[in-house]
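Okay, structure first, notes after.
In UniProt numbering, the protein residues as written are 1 to 156.
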């Protein structure tokens, strides 16, 4: 790991585990992979207390809404959303503490060369993980590469 503790997120992915279970917040892309038979199921071993953000449910609702012209796909997305809610519940709400942390997340991203306008929902999910002391579990670590030092990110 050439960059140490402030290295790229995928380089830090095991930093806190040290053989102990790690609590994780699942990113939306992980949730989709868990219910989509066309995707490889992510390896979530090493995590305990896995939870989701209400923001991920919002993204999944958006996916359902986008399918208004294709009833079969819409029904499939509705089923995926129902299975996700049955497994994980309503998710951690995005509250005032998360909104405050979001400001810090955006500041860190801008400090590291990113636009303040990109990856907004991803950064809101990262702020949620930060507030609740959770490792953010994702397939898209590039979405979080500008947040080194703020939130632990694990690639799965």
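Cβ coordinates follow ideal geometry from the N, Cα and C atoms, glycine included. Small disclaimer: the values here were computed from a predicted structure and weren't measured.
Residue i, DSSP secondary structure in three states
i           : result
residue 41  : coil
residue 77  : helix
residue 15  : With a pLDDT of 37 at residue 15, under the threshold of 50, the predicted position of this residue should be treated as unreliable, though the coordinate-derived value follows. Correct three-state label for residue 15: coil.
residue 162 : Here the chain covers residues 1 to 156 and nothing more, so residue 162 does not appear.
residue 84  : helix
Beta-bridge partners of residue i, as assigned by DSSP
i           : result
residue 156 : BP columns for residue 156 are empty, so no partner.
residue 138 : 155
residue 128 : According to DSSP, which records beta bridges pairwise, residue 128 is partnered with nothing at all.
residue 191 : Only positions 1 to 156 of the chain appear in this structure, which leaves residue 191 out of reach.
Within 7 angstroms, strictly: CB atoms of residue i and residue j
i           : j           : result
residue 136 : residue 126 : yes
residue 165 : residue 154 : For the chain, the structure presents residues 1 to 156; residue 165 sits outside this window and is missing.
residue 119 : residue 143 : yes
Cα-Cα separation between residue i and residue j, rounded to whole angstroms
i           : j           : result
residue 41  : residue 24  : 16 angstroms
residue 13  : residue 105 : In this prediction, residue 13 scores a pLDDT of 39, lower than 50, which makes its location untrustworthy; the coordinate-derived value is nonetheless stated afterwards. Taking the straight line from one Cα to the other gives about 18 angstroms.
residue 5   : residue 116 : With a pLDDT of only 36 at residue 5, under 50, the local geometry of the prediction cannot be trusted, and the value read off the model is given with reservation. Roughly 24 angstroms between the two C-alpha positions.
residue 145 : residue 95  : 24 angstroms
residue 76  : residue 35  : 10 angstroms
residue 33  : residue 111 : 32 angstroms
residue 148 : residue 69  : 41 angstroms
Assumed close pair residue i, residue j - CB separation to whole angstroms, cut-off 8 angstroms
i          : j          : result
residue 84 : residue 67 : Going by Cβ atoms, the distance from residue 84 to residue 67 rounds to 16 angstroms, so no, they are not a contact pair.
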